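Asks: Take a look at this one; I'll ask things after.
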Amino acid sequence: MKIVFSSLAYPELSLREVVERVDRFGFDGLELRVSDDGKHLKPELPINREALETLSSVEISDLAGYARFSSADENERRKKRKIIRNSDKNSQYLKHFRCKSAWRGIYRQ
1396 MKIVFSSLAY PELSLREVVE RVDRFGFDGL ELRVSDDGKH LKPELPINRE ALETLSSVEI
1456 SDLAGYARFS SADENERRKK RKIIRNSDKN SQYLKHFRCK SAWRGIYRQ
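Throughout the sequence shown, residue numbering follows the working numbering, covering 1396 to 1504 in sequence.
In structure tokens, the structure reads:
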């Protein structure tokens, strides 16, 4: 069993600070927060070079997002579907960190 650090608990930290904590506290990997604020990782492509370099020292266990599917607002639901698609694509960019998307193959449009 591996124990990973979740960056969901620390939205105020920079990506570099999150990665430093993974190492400092001896975790096996990182659950990476994906959010529109882009603090850790934006749900957009391509992933910038600085973020990839920062993440190169840790194993990414999964990508965590903020998708609420119960919204009555069609624009909000459309936005969340875009986040899922982009998280799936981001996991392809991060695959050399052994990252997988929980949404892989579930949503297609």
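Even glycine gets a Cβ: it sits at the ideal position worked out from N, Cα and C.
All figures in this text were calculated on a predicted structure; none of them were measured in a lab.
Per DSSP, which residues does Phe1400 bridge with? Please list them.
Replies: Looking at the DSSP assignment, Phe1400 forms a beta bridge with Leu1425.
Asks: Would you decide whether Pro1441 is buried or exposed? Buried here means 16 or more other CB atoms lie within 10 Å of its CB.
Replies: Exposed, by the Cβ-count rule.
Asks: So, with DSSP's three-state summary, where would you put Ala1459?
Replies: In this structure, Ala1459 counts as strand in the three-state DSSP scheme.
Asks: Give a yes or no on whether the C-beta atoms belonging to Glu1454 and Asp1418 are separated by under 8 Å.
Replies: It is not a contact, given that the beta carbons lie outside the stated cut-off.
Asks: Going by beta carbon distance, what residues of the same chain come within less than 6 Å of Ser1401, once the five residues before and after it are set aside?
Replies: So the qualifying residues of the chain are Glu1426.
Asks: Please return the same chain residues whose Cβ sits closer than 8 Å to the Cβ of Ser1452, not counting the five positions on each side in sequence.
Replies: For Ser1452, where only same-chain residues beyond five positions count, the Cβ hits under 8 Å are Val1414, Asp1418.
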